[in-house]
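Everything below concerns the one structure shown next.
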Amino acid sequence: MTDSKYFTTTKKGEIFELKAELNSDKKEKKKEAVKKVIASMTVGKDVSALFPDVVNCMQTDNLELKKLVYLYLMNYAKSQPDMAIMAVNTFVKDCEDPNPLIRALAVRTMGCIRVDKITEYLCEPLRKCLKDEDPYVRKTAAVCVAKLHDINAQLVEDQGFLDTLKDLISDSNPMVVANAVAALSEIAESHPNSNLLDLNPQTINKLLTALNECTEWGQIFILDCLANYTPRDDRESQSICERVTPRLSHANSAVVLSAVKVLMKFMEMLPKDLDYYGTLLKKLAPPLVTLLSAEPELQYVALRNINLIVQRRPEILKHEMKVFFVKYNDPIYVKLEKLDIMIRLASQANIAQVLAELKEYATEVDVDFVRKAVRAIGRCAIKVEQSAERCVSTLLDLIQTKVNYVVQEAIVVIKDIFRKYPNKYESVIATLCENLDSLDEPEARAAMIWIVGEYAERIDNADELLESFLEGFHDESTQVQLQLLTAIVKLFLKKPTETQELVQQVLSLATQDSDNPDLRDRGYIYWRLLSTDPVAAKEVVLAEKPLISEETDLIEPTLLEELICHIGTLASVYHKPPSAFVEGSRGVQHKRLPGSAGSGESADSPDTGSAAGVSEAPPAVIPSQGDLLGDLLNLDLTPPTTSGPPPAPSSGMQMGAMDLLGGGLDSLMGDESEPPPVPQRTDTPQSPQLSHQSPSPPDYSPTELGGDLGGSPAMGAGFGAPPTAMPASFPPPVSGGLDDLFDLGGSVGMPMGAYSPPKSIWLPAMKAKGLEISGTFARRAGVIQMEMTLTNKAMSIMTDFAIQFNRNSFGLAPAGPLQVLTPVGPNQSIEVALPLSTVGPVMKMEPLTNLQVAVKNNIDVFYFSSQYPISMLFVEDGKMERQVFLATWKDIPNDNEAQFQIKDCHLNSDAASSKLQGSNVFTIAKRTVEGQDMLYQSMKLTNGIWVLAELRVQAGNPNYTVSLKCRAPEVSQCVFQSYEAMLKN
Amino acid sequence: MIGGLFIYNHKGEVLISRVYRDDIGRNAVDAFRVNVIHARQQVRSPVTNIARTSFFHVKRSNIWLAAVTKQNVNAAMVFEFLYKMCDVMTAYFGKISEENIKNNFVLIYELLDEILDFGYPQNSETGALKTFITQQGIKGQTKEEQSQITSQVTGQIGWRREGIKYRRNELFLDVLESVNLLMSPQGQVLSAHVSGRVVMKSYLSGMPECKFGMNDKIVIDKQGKGGASDEAGKSGKQSIAIDDCTFHQCVRLSKFDSERSISFIPPDGEYELMRYRTTKDIILPFRVIPLVREVGRTKLEVKVVIKSNFKPSLLAQKIEVRIPTPLNTSGVQVICMKGKAKYKASENAIVWKIKRMAGMKESQISAEIELLPTNDKKKWARPPISMNFEVPFAPSGLKVRYLKVFESKLNYSDHDVIKWVRYIGRSGIYETRC
């Protein structure tokens, strides 16, 4: 009886013994042997050698044995395609068996044998089974069509199986209908435009009828399919909703969530003044709350979804705060999610309870949870003004606990509270200052420094405090350095007499001793401002700050809409669109909510749908993901030049661009017609680049962005004027880089064949009103080029193209305007090569080789980001002298060495060397030790950073080892990726 | 859809591995083991994405069940399926343990083949499955029997087979409630709710139509409107407001939605008819009054009073009060009026057990806790005092009004069915902060 013994055989010669047993005459012995084979297969042993012997056991009337053999077949058929043919006859025969269970088993298993040759034999039996008299066989055959489609889509279409499958939607048996719907939905997903599932009111009616009768799983398939339908008008929408609402009482949570998805989507189409609309809203809350009494894993899924629902329709759960209170024994993942929703639901009515809870949580054990709870208290203060005072006193209590991470988290949020309610709670500063020494996290240090700078006039020893930070200036993170610089300048402007020395010290630290361009730039701006016009400096640095908005961490509205269409699925759990984690074509389709009935336009058009959705006044937020918009606002699009050679890249051109800021960016600002307020960019405690690093990015209202923009021209102007306060020692990186580039461009005889990745789609047409951009980067004859294909998939002509980059790690910038001379008509493509320079503004990106691009045409401005291979930055004079190489290798600390493996590369060392040479990776020396070739290589990046490499190649071993040494170890990962790409292409 | 399903033991060894989709490679089995089972920290999410492959897992004792996919599947469905699979396995061979799984691996593969086709969950009702997945081989079924099986598996009433016969038609209804409470030290109810289940054991012949009625406020009010006004007032008091309820798939949901009547053809044997939740007018069977006093840095004085709050004629059972103690406890002295109390160092708690307690009574425990002096700056988190008990009534106030059985084809009537009803109220998470 006990089958566990099959797991224990580890003898040698086992396979041989099994072979003998499989060929035994006794049925029992055969069955035992097959069981042993399956057990070995499960634990990962290779038993494929027994294939013919196992297949021989297939001809049996013992169903259990047959199932075991089938299981084996499914696992190994692919590795033995020729032998698998042996099994075909039995399958065909079984499909004719009088017992429906055996017919179904045969057709089910055949579909799982993924061997091309078998598929043709499968067609006839499948066709019969799709029309079988027994529903059990039909429901199995329906799924089999999906299986076959996965192996050979063309065959399925040619054989007309798709039509048969469509017919099954009208089958009398509900389970057949459900499986047919599931199969069709999956097939349709891989053919986005096939119109395979042309849902019309008749089919919808059939589905709704089957919904009442089929199994819980079938109901899920049908509901998920219904969610893809767009009703024609509000009446149809209401009638579907009415028939779906009973599902909210189903015991299966997945049925409930899928029903919620359908309702949330179709509700968009109902007029808000309709009675039914209110009724429906009320009906949604109880089932959502019930989901929280399910098992913890389902609670987690439910909470992630509720998080979306609350953002879209806060009114549904506004009275249900209590159910989200954390229980002591909840798993941590449930606790963290509940906390998130509590903050979203916090309002004046329930804030007292919420605060009491949060205070309780702040004493728990789990560090992440405690931190989040502390942060939540701060967010409550900002969201509910009446509670701010209580929040602050709670935070002070928490600071008294002296638990290190609690204190730091509290200080970070108190800074935000100061921003929101200026001149109200400054009495607590003294307490904060007491904890200065315990702060070791950059974010907390930066927050504290901001506070000291902002309120320097009220802190007697502000200069001493800031001075103490200054001692270790170079060991601080950028965030802290920037903040310290600004704080000291503020202090100086407030108390000029005592702090002159301090400000000079920090300015020289920032401008002369720092490698960080952001810091240097900011230092110079302050320096010049202070030396030319202190009054103006005061206006800029101490300008009034815009208020920060209440809601934080909101999901960007269009993404939210898409996620609402994916309620219950993985996308809603990850809070990412399917394309972010699904490979291939399946995830590419973007779903959107239908437009509301009031919009007056056809609801089919996705654009009007989104417009109507957005107009429901979602709070204006900057997308927390990517922050693309926020970053790109700092730049402008050069107007299209239709004639003349491209101007030389120089700061003059930058100036031109800056002047155009106002006009070019109007479109970005949308309806914001007010002039931007006083510039204060340098003064905000969280400038955009900081917001990247903070876990909960501070929120920027549109007005503040306006402020940012307003600040930029001033800076641009500063650059244009000859530096007055600039120390003479300042190295001119701009012209230096430029010379390099021209030198290279001028030289001839460059080795060709540099690696260039294949073109990929950067900007899908869906996201850019019909403009699709695919492209790649290449280095051709020493010039970096961005090669793009612009395709117009819209109905109207596109003209006036222009391009601009955001600041990036290596200062890449267009060396000229985008040369699109002719308008691009509908369905037309155009190839453009844009030469790039590396003299643009620099900002470290994450990942390093990320490039954020804005493209403008006559229709709109679009943003995308792409990653370039770092190899295109390898310059032609990257060959190091042998001696220099040796010295440098020794000189770079071992900590900076990074080692990587390149797998499956079948080049010998010479071929690899010449291949790499094509991309400006130069082999300096080669050494052979015990059959292992060691290549020593060097390359130089456009910004002068050298990378040294040791490439180890063992003859006959496809795995290479690369060791990279560089003074800037951040680039190693990128360089390694390029290595892999260069070698494999 | 689900691409594959793996079962591991606590060490991460694979016990069952069934791959449904081609995009799931053999390395997926190892990826989950390395990244989740062998991960150093606590599990931070039941869904893990490793190299664009998503893993869903649940744990039963020390067995891991993981479903794998590369698509944007319905996540709620995957978890529901995993739970369902646990139910099916339990119904077939009892507790889910490494030994049982190894002993029944052939059966499990057969079940997996049946209930998951190409990653799509299929009928997974044990009642139906047991008719044709038996591990005994299918012995000479007649044609009628075969088609009966298939029509049941695919049919509208997939949970019940035809032709069931009992000499004695009998049914049992259990109203099982768990009452949850979170109370502040001052006795303020922070949150309280009852989650209840109605479990039915039916031994009925044929295909009986059943109708279940309870003191649901909405139903009673509707009826009250038609009847005399004083009756409505009387019954209104006894009715309860149900926040939400969910039903077994045998219940006709559209009928409940329109008429709020609960009608169904029950599965044979034991199953869960409905779940419900109430938050209003809950009878809290016990009240816990804590008093914690810190005497210096090395001593705590704890006094806890419990009061029972129900009819004196009823008896509560299996009462257990758990008073957490700090980690640096060195010794505890306890005095209790009733039952037995013990300090359990391994659980960092004083556990006070009382076998029985009648309603409207009160009992008390006091303890002195000696602490070791520590220089640990972190304050003791003071976990809440929790309580367990069992009472013979429904704390929500739910009452079964009727369960009518109709079977038109066979000659037994509603009166011939023997019916039993039982109410049990248990503690869920019943906590008082101190």
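Chains F and Y, in that order, are what the protein sequence lines are.
The first sequence begins at 172 in this note's numbering and counts up one residue at a time.
The second sequence begins at 4 in this note's numbering and counts up one residue at a time.
All residues carry an ideal CB built from backbone N, CA and C; glycine is no exception.
Inter-residue Cα distance where the pair is residue i and residue j
i	j	result
LEU469 of chain F	PRO269 of chain F	42 angstroms
LEU397 of chain F	SER341 of chain F	15 angstroms
MET1016 of chain F	THR1132 of chain F	27 angstroms
ILE285 of chain Y	VAL403 of chain Y	17 angstroms
TRP423 of chain Y	PRO417 of chain F	29 angstroms
GLU628 of chain F	ALA681 of chain F	24 angstroms
LEU861 of chain F	GLN956 of chain F	Note that LEU861 of chain F scores a pLDDT of 34, beneath 50, so its modelled location is shaky; the value from the coordinates is reported in the next line. So the two alpha carbons sit approximately 30 angstroms from each other.
MET4 of chain Y	GLU83 of chain Y	14 angstroms
ALA449 of chain F	PRO485 of chain F	The question names Ala, but residue 449 of chain F is Gly in the sequence shown. Their backbone Cα atoms lie some 14 angstroms apart in a straight line.
LYS1027 of chain F	GLN325 of chain F	40 angstroms
TYR1150 of chain F	LEU1106 of chain F	13 angstroms
PRO270 of chain Y	ALA520 of chain F	47 angstroms
VAL61 of chain Y	THR282 of chain Y	29 angstroms
VAL225 of chain F	ASN103 of chain Y	26 angstroms
SER410 of chain F	LEU406 of chain Y	32 angstroms
ASN594 of chain F	LEU678 of chain F	29 angstroms
SER1134 of chain F	LYS1097 of chain F	15 angstroms
Contact set between residue i and chain F, taken where Cβ atoms lie within less than 8 angstroms
i	result
LYS73 of chain Y	VAL753 and GLU754
TYR112 of chain Y	ILE209, LYS238, LEU239 and LEU242
GLN138 of chain Y	GLU235
Within chain Y, partners of residue i - CB distance below 9 angstroms
i	result
LEU428 of chain F	ASN77, ALA78, ALA79 and MET80
Paired residues, beta bridge with residue i - DSSP
i	result
PHE58 of chain Y	Y:THR51 and Y:VAL71
GLN336 of chain Y	Y:GLU371
SER194 of chain Y	Y:LEU185
SER242 of chain Y	Answer is none; SER242 of chain Y lacks a bridge partner.
GLY7 of chain Y	Y:VAL22 and Y:VAL71
GLY216 of chain Y	Y:TYR405
Delimiting residues of the alpha helix (DSSP H) encompassing residue i
i	result
LEU741 of chain F	741 to 745
PRO688 of chain F	688 to 703
ILE273 of chain F	271 to 283
MET277 of chain Y	Counting along the chain, MET277 of chain Y falls outside any alpha helix (DSSP H), though it belongs to the beta strand (DSSP E) covering 272 to 281.
Residue i: first and last residue of the uninterrupted beta strand (DSSP E) it sits in
i	result
MET1110 of chain F	1103 to 1111
ASN963 of chain F	954 to 963
LYS358 of chain Y	352 to 361
PRO372 of chain F	No beta strand (DSSP E) holds PRO372 of chain F; the alpha helix (DSSP H) holding it covers 372 to 382.
TRP1117 of chain F	1117 to 1125
Per-residue contacts from residue i into chain Y (C-beta, under 8 angstroms)
i	result
TYR471 of chain F	SER48, PRO49 and VAL50
VAL525 of chain F	Those do not exist, as VAL525 of chain F stays about 11 angstroms from chain Y at its closest Cβ, beyond 8 angstroms.
ARG285 of chain F	ASP25
Per-residue contacts from residue i into chain F (C-beta, under 7 angstroms)
i	result
HIS251 of chain Y	ALA422
PRO386 of chain Y	TYR499
SER20 of chain Y	THR213
Partner residues on chain F for residue i, Cβ-Cβ distance less than 9 angstroms
i	result
LYS146 of chain Y	PRO269 and ASN270
LEU8 of chain Y	Near LEU8 of chain Y there are no residues of chain F at all, since even the closest Cβ is about 12 angstroms away, more than 9 angstroms.
Interface partners of residue i on chain Y, CB under 7 angstroms
i	result
ALA425 of chain F	ASN77, ALA79, MET80 and GLU83
GLN417 of chain F	What sits at residue 417 of chain F in the sequence shown is Pro, not Gln. Residues of chain Y passing the Cβ test: LEU256, SER257, PHE259 and ASP260.
At which residue ranges does the region 606 to 684 of chain F contain complete alpha helix (DSSP H) runs of 4 or more residues, listed in the order of the chain? The region 606 to 684 of chain F contains, as complete alpha helix (DSSP H) runs of 4+ residues, the segments 613 to 625, 633 to 641, 649 to 665 and 671 to 683 (chain order).
Which parts of the region 178 to 237 of chain F are runs of the alpha helix (DSSP H), unbroken and 4 residues or longer, counting only runs that do not cross its ends? Counting only runs of 4 or more, we get 185 to 193, 198 to 213 and 222 to 227.
Quick one: which unbroken alpha helix (DSSP H) runs of 4-plus residues sit fully inside the region 390 to 467 of chain F? Chain order, please. Counting only runs of 4 or more, we get 405 to 415, 424 to 438 and 446 to 461.
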